[in-house]
Amino acid sequence: MPTPAAFMAKGRSPSWAPAGTSSSAPTTRAPERGVRFRTMLIGYFTERPYQDPGASWWGTTGRRLVDLDASNDEYDPVLGADLYNRYLDEKLYAEEVGFDALALNEHHSTPFCMGSACNVEASILARITNRAKIVLIGNILPIWDDPLWLAEELAMIDTISQGRLVTGWVRGTGRESISHDANPPYNWERFQEAHDLIVAAWTRPGPFRWEGEHYNFRYVNPWSRPYQSPHPLIMIPGAVSRRTVQWAAQRRYPYVMLATRLEPTRMSFEYYDECAVEMGYEAGPQHRGYLFKVHVDETEELAEEVGRKYLTGPGNIFLEGSRGDARGHLQNLPGLT
């Protein structure tokens with residue numbers, strides 16, 4: 001099975017109001033409801049890779065895979081069905097053994113992650129699980145041409161799960177921009193406006209018009225609204241983008257570092273703290289999350305032997321970063337750095 005990663009967030013729930021944005025309009029919603037985490041939250045996460053021994057993408061001796069260079073002609077729908085169901089079963093077992101959260105991510109056009117429509121997985125988990133939070137790390141906002149549709153999807157997931165959704169929004173990489181023909185120079189602008197529109201749709205009584213730079217809707221009045229009030233906890237997963245860290249701190253959103261090295265992680269959290277002081281509050285553990293790699297085996301010796309390959313092996317999608325070789329000029333397109 002793929003070596004999992006653990007998602008961890010700690011502390012009390014932060015403030016929910018997206019201060020300083022157009023989406024923080026007064027609301028007539030009922031008092032807050034839904035389960036809020038008050039102590040450390042430890043979640044279970046895997047990339048849900050496409051594992052096919054017949055394709056030689058396997059172990060430490062498989063052929064090297066270059067990102068954005070694998071044809072879906074090699075995809076086997078029967079094997080895919082088995083894998084999707086297996087990964088859902090793993091999430092059920094993770095809840096059974098005591099994980100606080102079940103984390104899902106979204107990537108596109110690559111075999112290292114089958115979660116291209118992670119909200120489908122989240123909606124299934126909303127119905128078949130009972131206790132664990134469903135954490136998205138997360139939806140790629142800039143590639144959504146209809147954020148209102150996303151607002152409705154997430155509200156339904158939150159409602160079906162009775163308030164267990166923790167939503168997360170990311171900017172995505174060049175892979176996603178290429179796959180969905182999203183103009184990279186507008187990545188940051190679309191991310192911010194999509195966020196503002198979704199939160200407004202959740203918190204502002206409709207109907208109302210939305211006229212923005214990138215999105216225009218004549219009738220915003222989603223009938224599906226979140227179970228949690230005013231809306232689910234919003235987390236911002238990412239790497240070491242100073243601009244995104246600052247933006248999250250300005251809104252008191254927890255920032256989740258995605259398996260980054262320790263020194264840039266420390267620097268990013270310190271920068272978050274500095275931004276928080278400028279905004280007039282003191283950031284704490286409740287504003288931080290971290291995704292780290294974990295391998296568990298039958299013995300300490302086996303764990304070290306196999307885990308070392310997972311961390312330092314050759315370019316193969318099931319080893320270092322589960323991604324194989326990345327094309328830097330495609331992943332880091334203008335407007336994404």
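In the numbering used here, the protein residues as written are 1 to 337.
Quick reminder that beta carbons are idealized off the backbone N, C-alpha and C, glycines included.
Between the CA atoms of residue j and residue i - distance to the nearest angstrom
| i | j | result |
| --- | --- | --- |
| V306 | H295 | 8 Å |
| A122 | F45 | 13 Å |
| S241 | T265 | 11 Å |
| H231 | V199 | 8 Å |
| P184 | H287 | 28 Å |
| L88 | L197 | 31 Å |
| L83 | P205 | 41 Å |
| Y50 | E278 | 45 Å |
| F99 | T39 | 13 Å |
| E211 | E300 | 58 Å |
| P85 | M114 | Per the sequence shown, residue 85 should be read as Asn rather than Pro. Approximately 12 Å, taken between the alpha carbons. |
| G54 | D76 | 10 Å |
Beta-carbon contacts of residue i that lie in its chain and below 6 Å, excluding the five residues immediately before and after
| i | result |
| --- | --- |
| A155 | S224, R225 and P226 |
| N119 | E153 |
| Y253 | I234 and I236 |
| A182 | P142 and I143 |
Close-in-space but distant-in-sequence residues of the same chain around residue i (CB under 7 Å, 5 per side omitted)
| i | result |
| --- | --- |
| A303 | H295, V296 and D297 |
| L79 | D52 |
| H108 | S116, R175, E176, S179 and H180 |
| R218 | R209 |
| R127 | I160 |
| N221 | G206 and P207 |
Beta-carbon contacts of residue i that lie in its chain and below 8 Å, excluding the five residues immediately before and after
| i | result |
| --- | --- |
| V245 | G238, Y255, S268, Y271, Y272 and C275 |
| F191 | L141, P142, W169 and R171 |
Environment of residue i [buried if 16+ CB atoms lie within 10 Å]
| i | result |
| --- | --- |
| H329 | exposed |
| R164 | buried |
| G289 | buried |
| I157 | buried |
| R251 | buried |
| D67 | buried |
| N105 | buried |
Proximity to residue i [Cα-Cα], best of the options
| i | options | result |
| --- | --- | --- |
| Y215 | W188, P147 and R204 | P147 |
| E213 | P222, Y186 and I128 | Y186 |
| V97 | D73, N130 and L104 | N130 |
| L150 | A201, R164 and D100 | A201 |
| I137 | Q331, F112, A103 and L92 | A103 |
| I134 | E301, T299, R308 and G43 | G43 |
| D69 | K91, A194, G284 and F112 | F112 |
| Y93 | E189, S229 and L125 | L125 |
| L333 | D73, F217 and T173 | T173 |
| Y335 | V166, S71, W188 and E90 | First, the amino acid is wrong: residue 335 is Gly here, not Tyr. For the residues V166, S71, W188 and E90, the minimum Cα distance to G335 belongs to W188. |
| T110 | A101, D73 and K91 | D73 |
Bounding residues of the beta strand (DSSP E) (the contiguous stretch that carries residue i)
| i | result |
| --- | --- |
| M257 | Y255 to L258 |
| N221 | N221 -> no beta strand (DSSP E), and no H or E assigned at all. |
| I134 | K133 to L136 |
| M267 | No beta strand (DSSP E) contains M267, which is instead part of the alpha helix (DSSP H) from L262 to E278. |
| W210 | F208 to E211 |
Below-7 Å beta-carbon distance, residue i vs any chain D residue
| i | result |
| --- | --- |
| L165 | No chain D appears in the structure shown, which is made up of a single protein chain. |
Residue interval of the alpha helix (DSSP H) (run including residue i)
| i | result |
| --- | --- |
| A169 | Going by the sequence as given, residue 169 is Trp instead of Ala. W169 -> not in any alpha helix (DSSP H); beta strand (DSSP E) instead, spanning L165 to V170. |
| I198 | N187 to T203 |
| M156 | P147 to I160 |
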